[in-house]
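Visitor: I am attaching a structure below and will ask some questions about it afterwards.
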Amino acid sequence: MEKWANMKLSWQWFHRLGSPRWFYQKTSAWLPWLGAAALLLLAVGCTWGLGFAPQDAKQGNSYRIIYIHVPAAFLALAGYYIMAICGAIGLIWKMKLSFVVMRAAAPIGAVLTFVALLTGAVWGKPTWGTYWVWDARITSMLILLFLYLGVMALSGAFSRELSGDKASALLALVGTVNIPIIYKSVDWWFTLHQPATLKLTQASTIDPSMFYPLITMIAGFYLFYAWVLILHTRGLILQREWRTQWVRELLGQSAPAAKA
Amino acid sequence: MHPARKQRLILVVLLVALSSAAVGFVTYAMRSNMDYFYAPKAFAAGEVPFDKRIRAGGCVVPGSIVRDGSSLDVRFALTDGEAELEVVFDKILPDLFAEGEAAVVTGKLQEGGFVRADQVLAKHDESYTPPEVAESMSGGASCHGDPKI
Numbered sequence: 013m014e015k016w017a018n019m020k021l022s023w024q025w026f027h028r029l030g031s032p033r034w035f036y037q038k039t040s041a042w043l044p045w046l047g048a049a050a051l052l053l054l055a056v057g058c059t060w061g062l063g064f065a066p067q068d069a070k071q072g073n074s075y076r077i078i079y080i081h082v083p084a085a086f087l088a089l090a091g092y093y094i095m096a097i098c099g100a101i102g103l104i105w106k107m108k109l110s111f112v113v114m115r116a117a118a119p120i121g122a123v124l125t126f127v128a129l130l131t132g133a134v135w136g137k138p139t140w141g142t143y144w145v146w147d148a149r150i151t152s153m154l155i156l157l158f159l160y161l162g163v164m165a166l167s168g169a170f171s172r173e174l175s176g177d178k179a180s181a182l183l184a185l186v187g188t189v190n191i192p193i194i195y196k197s198v199d200w201w202f203t204l205h206q207p208a209t210l211k212l213t214q215a216s217t218i219d220p221s222m223f224y225p226l227i228t229m230i231a232g233f234y235l236f237y238a239w240v241l242i243l244h245t246r247g248l249i250l251q252r253e254w255r256t257q258w259v260r261e262l263l264g265q266s267a268p269a270a271k272a
Numbered sequence: 109m110h111p112a113r114k115q116r117l118i119l120v121v122l123l124v125a126l127s128s129a130a131v132g133f134v135t136y137a138m139r140s141n142m143d144y145f146y147a148p149k150a151f152a153a154g155e156v157p158f159d160k161r162i163r164a165g166g167c168v169v170p171g172s173i174v175r176d177g178s179s180l181d182v183r184f185a186l187t188d189g190e191a192e193l194e195v196v197f198d199k200i201l202p203d204l205f206a207e208g209e210a211a212v213v214t215g216k217l218q219e220g221g222f223v224r225a226d227q228v229l230a231k232h233d234e235s236y237t238p239p240e241v242a243e244s245m246s247g248g249a250s251c252h253g254d255p256k257i
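Chains as they are written, first to last, in the numbering used here: chain S, 13 to 272; chain L, 109 to 257.
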């Protein structure tokens, strides 16, 4: 019996987490720290990678685009899981806040995917000799961009907000199959894109003098992503909850005379 | 967990599992079509059609690059460790094209068993090293650019 009471308690924090107001108030204090840490890491990583890391023996200076390309691609993939998992939590627990985070993650992920594709094209011209090829890696990455755009379009296509939430969460969940395909495409098929440089199980094939600025940039991109995601989520919360008492008080407006 | 939530959780897991399986089967069925290029052994085995534009990829065999004296033609051989494929090309090669590096060529397979390419792309490898380090490491036998080749 006591065990059951504990179980109930342990779910309570989870439900409180679902309150947009709680989220908005809790994150206010985090934002300056998160933003400062993200900008600091990005500034250090950029200066280090572009100014102080050595040239590559074969590619010369053009390899330096890795310091944007790889972190952007990392977060484009990781951000998709964040979006899809938020969609799943929203569907299962009917949690409004979770859907809001899912909606907030879609445009950020789309921009990061676009940055990865664009920097890849700019990089491809001097190294491969072409801006674009339809190999498995690049094509699956383009599909990721369309999935993000699809989630954005679908979430806004319904007059009832909840219908848009549910439909786009389903699309986001179905699209998760693309993430391992993108990740493994360079190993499963012959592609023009080279295999992964940063490996989980083996030593990475990048010199330490180039690796440290890269890992700094990846960490900076993670913090930047968290910062932007929270900022965007807060904006969407205000938009959704503008009728409520706490938002009106926050914005310095008087409460509505009659509550709907 | 509330039974209704549990049911929705099962539905979500089923949705992801089934759609992944569907996409997995489709990609498995198309696996050879997902390859960006043929390896030289596919040419040797006669799997490559003659009348279609195809792509071939492999390691540029060291010492195989020969420039024609009277035309812009350059000949080189690609290898995957099992077979070699001769390629003829008459345009500008990309900067990173070199012996011992991987390349992907687009063109048509000719009667003589060689490929006349209209595009040559360099396939660079996944390792990044400063010039000093690269010099001290040089002399590796395997092809850069693709561990599968």
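A virtual CB, placed ideally from N, CA and C, is assigned to each residue, including glycine.
Hey, how far is the Cα of V241 of chain L from the Cα of F184 of chain L?
Guide: Their Cα atoms are separated by approximately 28 Å.
Visitor: With three or more beta-carbon pairs closer than 8 Å as the criterion, would you say the region 173-190 of chain S touches the region 186-197 of chain L?
Guide: Because the criterion of three Cβ pairs below 8 Å is not met, the region 173-190 of chain S and the region 186-197 of chain L do not touch.
Visitor: Any contact between the region 159-173 of chain L and the region 203-220 of chain L? By contact I mean 3 or more CB pairs, one from each, below 8 Å.
Guide: Judged by Cβ distances under 8 Å, the region 159-173 of chain L makes contact with the region 203-220 of chain L, as three or more pairs qualify.
Visitor: Give the straight-line distance between the Cα atoms of L29 of chain S and C98 of chain S, rounded to the nearest whole angstrom.
Guide: Using only the alpha carbons, I get a separation of about 13 Å.
Visitor: Given this structure, state the Cα-to-Cα distance separating S31 of chain S from A179 of chain S, to the nearest angstrom.
Guide: Those two C-alpha atoms are separated by around 22 Å.
Visitor: So, at 6 Å on beta carbons, what are the nonlocal neighbours of V113 of chain S in its own chain, with the 5 sequence-adjacent residues on each side left out?
Guide: Cβ neighbours of V113 of chain S beyond the five flanking positions: C98 and T245.
Visitor: Can you find a C-beta in chain S that's less than 8 Å from the C-beta of V195 of chain L?
Guide: So no, V195 of chain L is outside the interface.
Visitor: Ends of the beta strand (DSSP E) at L193 of chain L?
Guide: Here the beta strand (DSSP E) through L193 of chain L covers E192 to F197.
Visitor: Assuming the contact rule is C-beta atoms closer than 8 Å, P55 of chain L and A69 of chain S should be a hit. Round their C-beta distance to whole Å, please.
Guide: Chain L is shown from 109 up to 257; residue 55 of chain L falls before or after that span and cannot be answered.
Visitor: Chain L partners of W201 of chain S, CB-CB under 8 Å?
Guide: Chain L residues near W201 of chain S: R139, M142, D143 and Y144.
Visitor: A249 of chain L to V212 of chain L, Cα distance in whole Å?
Guide: Caution applies to A249 of chain L, whose pLDDT of 45 falls short of 50 and renders its modelled position unreliable; the model cannot decide the point.
Visitor: How about I120 of chain S and G162 of chain S: are their beta carbons less than 8 Å apart?
Guide: No; because the gap between Cβ atoms is not below 8 Å, this pair is not in contact.
Visitor: Considering only the beta carbon of each residue, do A164 of chain L and F133 of chain L sit closer than 8 Å?
Guide: No.
Visitor: Chain L partners of P138 of chain S, CB-CB under 9 Å?
Guide: Ordered by position in chain L, the residues that pass the 9 Å Cβ test against P138 of chain S are P202, D203 and L204.
Visitor: Which whole runs of the alpha helix (DSSP H) in the region 162-217 of chain S are 4 residues long or more, in chain order?
Guide: Listed in chain order, they are 173-187 and 190-200.
Visitor: Buried or exposed: where does F64 of chain S fall if 16 or more other Cβ atoms within 10 Å of its Cβ makes it buried?
Guide: Answer is exposed; the Cβ neighbour count stays below 16.
Visitor: Given A148 of chain S, which residues of its chain have a CB within under 6 Å of its CB, disregarding the five upstream and five downstream residues?
Guide: Result list for A148 of chain S: S197, W201 and T203, in chain order.
Visitor: So T187 of chain L is in the beta strand (DSSP E); what residue range does that whole segment cover?
Guide: Run containing T187 of chain L: V182 to T187, per the beta strand (DSSP E) assignment.
Visitor: For a contact meaning CB atoms closer than 7 Å, what does S127 of chain L contact in chain A?
Guide: Within the model displayed, chain A is absent; protein chains S and L are what it includes.
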